[in-house]
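Scroll down for the structure; my scribbles are underneath it.
Number of protein chains: 2
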Amino acid sequence: MPARPAAPPDPHDDAEFLRGYDPDIYPRPSVTVDVVLLTIRDGALEALVIKRANPPYKGRWALPGGFIALDESLDEAARRKLDEEAGVRGIFLEQLYTFGEPRRDPRTRVISVAYYALASADRVRTAVPTAEAADARFLQIPGELDGTHFAFDHKKILEVALERIRGKLEYAPIAFQLLPATFTLTELQQVYQVVLGHALDKRNFRVRMLESGQIEDAKEVRRGSHRPAKLYRFKGR
Amino acid sequence: MPARPAAPPDPHDDAEFLRGYDPDIYPRPSVTVDVVLLTIRDGALEALVIKRANPPYKGRWALPGGFIALDESLDEAARRKLDEEAGVRGIFLEQLYTFGEPRRDPRTRVISVAYYALASADRVRTAVPTAEAADARFLQIPGELDGTHFAFDHKKILEVALERIRGKLEYAPIAFQLLPATFTLTELQQVYQVVLGHALDKRNFRVRMLESGQIEDAKEVRRGSHRPAKLYRFKGR
DNA sequence: TCAAAAGTGTTGGAATTACACCCATGA
DNA sequence: TCATGGGTGTAATTCCAACACTTTTGA
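Going line by line, the protein sequences match chains A and B.
Going by my numbering, the residue at position 103 of the first sequence is 103; the numbering climbs one at a time, nothing skipped.
Take any residue in the second sequence, count from 1 to its spot, add 1000: that is its number in my numbering.
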C-alpha cells in the first residue's frame, strides 16, 4: 500500500500561500519509524530487538528505528533504519500501524509509524552494532514476548505485528518472504506452522500449495541424510 | 487496533534524561489526521469532502482533517475533527494508513495519519460549515472519484479506504456500522452490494446472515406500501 | 539395515453457488 | 387488483478436514 506522489497543486495558489506560511502555527510532534524485522531461525519466528544504550529506557529492549528525516518518505526512513541498525537491504517491508499516544515516549510527543519487514534467515546474519545499541539479538516470538522488558510501547507493536502477519498469511503471498529463493515444501509448511502457531496436515498443505499456482518447480533437489526433497520457487519477485 | 498506554519507564533513568533533553535535535514534521467518513445514502456509498476555502489547493476537495494537538491521541484527534467538521460523534472509527511522502503538502513536510469512519445516513445530516470550508458535500464512491479535483493526495486516501473496507467487509462485522440500530435484511444486503460493487443472491445472503449469529430479531416490522419487513439488530455494540 | 524426512489418495461432511416463485401489504 | 418489495428451498458442486503408509536416500 505505498503512497503515491501528490498531484501537483495549482501553482499560483501555492506560490501566493507559501510566501506567508509559518510552519510553527501548529505544534509539531517528533516522528519516528520503528521496524519489526521478522525472520525464521531454528524453526522459530524471531524479531530483532536492540538493547538501548541510552536513556530513556536504558537497558531495555527496543525495536530498530529512529527519527525520520524531513526529505525522506516513511518507507525510505524504515529502509534506512533497517540498513543502519540491522544491515539488511532489499527485503519485504510494509507499514503496520501508527502509534501516537501522547505519553508513549517520556521525552516529548513522539509519533511512531511502525513497519514490519520479513527476511529469510540467510539475509539477516548478525545485527550491526551502533552507538545507540548496547546489544542486539533475535527474540523468539511469541515465546519470549512476556519475559522481556521492552522500551516504550514496543511490546504492543510486536503483538500487533504478529497479529497482522498471522491474518495476512492466509490470503497474501508473504510466507515466501521468510524463505530463501528456493525452498522445499516442508520448509514452506514450517513457515506456516511457526507463524500460525499450530500444526498443519502435510498432505492437505502440499495439495493446497501446488494447486494455488503461487509456486513453481525449481528443477533442483535438496539433499540430506534422507530422501532428497524437490525445491520450489515463488512465482512472484 | 487501538494503541495501549505505554508501560511506565524506569523513573530514575528518565528523570536524569529529561533534564537535558532538547526536542529540536531532530527535525520535526507537521502531523495531521484526515478522516474518510463513509455513509450510505440513496443506495450509494458516499464520503464527506470539504471544499478548501484557503490555499493551498484552494477550491479543491479535501477530506475533513487537520493538525493534531500535542496532548491528544491520534484517535482523539480524528474524533475531534469528525465532530468539528462533520458534527458527528460516537461512530465507528479505525486507523487506515499513514501517508508521508515528503512533497505531499506544498507548505512543509506534513505526515497524515488517515482514518476511516462509518456512520448510518441518519447520523450524518449536513456537514458543519467552518472557516476553512467553502463548501461540503458527500461524494459518491467510487463513482465520483475520477471526476473530482482533490487537494493533496486525498484521492489516493479515498481509494485506500475503499479497498480496506471492501476487504474487511468479508470477515469483520462492519456493515452494521453503516446502518441504523435496526434494519431489514434487504437494507443489509444493499450495504454489502454497494460496498462490494456487485449484486448478491438474496436467498443465499439471508441464510448466511441469519446463520452467522451476528444479528437478532428486533421483534418489529418496517411498513411500506408492500409486505412489511422484519427488523433485525446487530448483536454487538 | 536403519534412521530420517519426502512423498502420496480417498472419503465424508460442510460450505457455497445457482436458481424462481409465492406472500403480504398499502394504494 | 395491482405494484412493490418480502420472503422462502433444493440440488449440484466445490472446498475442507481427517486420516497412514510407502519411498528414497545417506550413514
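We put the beta carbon where it would ideally sit given N, CA and C, even for glycine.
None of these values were measured; they are calculated from a predicted model.
- In this structure, Y1232(B) places its C-beta atom within 8 Å of the C-beta atom of E1216(B).
- Given a length threshold of 3 residues, each whole run of the beta strand (DSSP E) inside the region 1121 to 1191 of chain B is given here in chain order: 1133 to 1141.
- Pairwise C-beta distances place the region 1161 to 1180 of chain B in contact with the region 1032 to 1043 of chain B, as three or more of them are shorter than 8 Å.
- Of all alpha-carbon atoms in Y171(A), E72(A), E187(A), N204(A), the one lying nearest the alpha-carbon of F1099(B) is that of E72(A).
- Taking the C-beta atoms as reference points, V1088(B) is found nearer than 8 Å to V1124(B).
- Per DSSP, reduced to three states, the secondary structure at S1073(B) is coil, with no helix or strand assignment.
- The beta carbons of L139(A) and E46(A) sit about 6 Å from each other, so the pair counts as a contact at 8 Å.
- K1230(B) is bridged by DSSP to V1221(B).
- Taking 8 Å as the upper bound for CB-CB distance, F1152(B) and A1062(B) are in contact here, some 7 Å apart.
- At a beta-carbon threshold of 8 Å, the residues of chain B lying near L70(A) are P1027, P1029, P1102, R1109, ordered along the chain.
- Residue burial annotation: V1110(B) is buried, with at least 16 other C-beta atoms found within 10 angstroms of its C-beta.
- Residues of chain B with a Cβ closer than 8 Å to the Cβ of S73(A) are, in chain order, G1100, E1101, P1102.
- Under the three-state reduction of DSSP output, D1024(B) falls in the helix class.
- DSSP, reduced to helix, strand and coil, places E1211(B) within a helical segment of the structure shown.
- When the beta-carbon positions are compared, M209(A) and L196(A) stay at least 8 Å from each other.
- Burial check for G224(A): the Cβ neighbour count within 10 Å stays below 16, so the residue is exposed.
- Remark: C-beta atoms of T1184(B) and K1230(B) approach each other more closely than 8 Å.
- Listed by position along chain A, the residues whose Cβ is nearer than 9 Å to that of F1067(B) are I25, Y26, P27, R28.
- Ranked by how close their Cα comes to the Cα of A161(A), the residues E94(A), P29(A), A69(A), Y21(A) have E94(A) in first place.
- At least one CB of chain A lies nearer than 8 Å to the CB of Q1095(B).
- Proximity of chain A to Y1021(B) at the Cβ level (cut-off 8 Å) is accounted for by R107, T108, in chain order.
- Secondary-structure assignment with DSSP links L96(A) through no beta bridge to anything.
- For V36(A), no chain B residue has a C-beta closer than 8 Å to its own C-beta; the minimum C-beta separation is roughly 14 Å.
- The beta carbon of V1031(B) sits closer than 8 Å to those of F1067, I1068, V1110, I1111, S1112, V1113, all from its chain and outside the five residues before and after it, given in chain order.
- Counting along the chain, R89(A) sits inside no beta strand (DSSP E), nor does DSSP assign it H or E at all.
- The straight-line gap separating the alpha-carbon atoms of R164(A) and I50(A) is approximately 22 Å.
- Taking the Cα of E84(A) as reference, the smallest distance to any Cα among E101(A), R104(A), G65(A), E159(A) is reached at G65(A).
- Contact check for F234(A) and P173(A): beta-carbon distance about 7 Å, within the 8 Å limit, so the pair qualifies.
- Excluding residues up to 5 positions away in sequence, Q189 lie with their Cβ nearer than 7 Å to the Cβ of K202(A) in the same chain.
- Taking the CA atoms as reference points, P1228(B) sits about 42 Å from K1156(B).
- Proximity of V113(A) to chain B, defined by a Cβ-Cβ separation below 8 Å, is satisfied.
- Between the beta-carbon of P56(A) and that of L1070(B) there is about 18 Å, and that puts the pair past the 8 Å contact cut.
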